[in-house]
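Numbering (UniProt numbering), first residue to last: 1 to 208. The beta-carbon is built from N, C-alpha and C at its ideal position, and this holds for glycine as well. Since the structure comes first, as structure tokens, the remarks are kept for the end.
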């Protein structure tokens with residue numbers, strides 16, 4: 001019952017989920033960051049950070065908690081006045097989901113916690129490309145082509161000579177959203193007998 005016992009549950013001698021919540025939150029962000037960084041090696045740092053936030057923010061966890069049906073087993077004290085209920089329950093559902101991850105990490109090990117994150121978080125589809133901030137696509141594409149010392153070619157859309165902002169933005173999006181299909185993760189070393197083989201470090205973001 002510790003996982004579903006919020007610190008607001010005022011009972012003497014009852015363990016709450018506070019510690020598991022904190023641990024689970026750290027593990028969640030670590031595994032999401034690890035996965036996205038390896039799968040999308042060219043993703044700019046600020047976009048990567050935003051992507052991690054999308055997967056781990058309170059609203060995402062709240063929806064997941066509702067799907068899991070945590071309301072039926074929660075132990076907490078309702079706020080007074082009742083006007084604060086919605087904000088409180090949203091935060092508390094999120095804490096339970098993080099506590100589940102923390103409990104898995106402690107009781108069954110890091111790999112089980114990571115598998116849970118992969119199955120229930122990273123299996124969800126988010127439009128990561130929409131997080132890319134490309135305000136001057138033609139200029140960005142020009143600098144990128146110069147740095148690479150080659151044209152991006154058909155695989156990346158139209159030539160820099162085309163004035164259409166959309167075409168240039170599409171080319172940059174394809175470049176930064178390049179996805180590795182076959183890769184290993186640093187956390188795989190937790191598996192017995194596994195030898196980690198690093199993937200190529202991605203390019204850095206264009207600064208113009």
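| query | result |
| --- | --- |
| Residue burial classification, residue 130 (beta-carbon count within 10 angstroms, cutoff 16) | exposed |
| Pick from 35, 85, 44 and 171 that is closest to residue 119, judged by C-alpha positions | 35 |
| Contact between the region 47-60 and the region 76-87 (3+ Cβ pairs under 8 Å) | no |
| Per-residue burial, residue 14 [other beta carbons within 10 Å of its own, 16 or more giving buried] | exposed |
| Outcome for residue 157 when other beta-carbon atoms lying within 10 angstroms are tallied against a minimum of 16 | With a pLDDT of 46 at residue 157, under the threshold of 50, the modelled position of that residue is not reliable, and the figure given next carries that caveat. Answer is buried; the Cβ neighbour count reaches 16. |
| Residue 38: first and last residue of the uninterrupted alpha helix (DSSP H) it sits in | 18-39 |
| Buried/exposed call for residue 44, threshold 16 Cβ in 10 Å | buried |
| 4 or more residues per run - each alpha helix (DSSP H) lying fully within the region 63-108 | 85-108 |
| Extent of the continuous alpha helix (DSSP H) run through residue 116 | 110-120 |
| Host alpha helix (DSSP H) of residue 46 (start-end) | 45-56 |
| Residue(s) in a DSSP beta bridge with residue 5 | 75 |
| Opening and closing residue of the alpha helix (DSSP H) in which residue 186 lies | Where residue 186 is concerned, there is no enclosing alpha helix (DSSP H), given that its DSSP letter is neither H nor E. |
| Reduced DSSP secondary structure (H/G/I, E/B, other) of residue 132 | coil |
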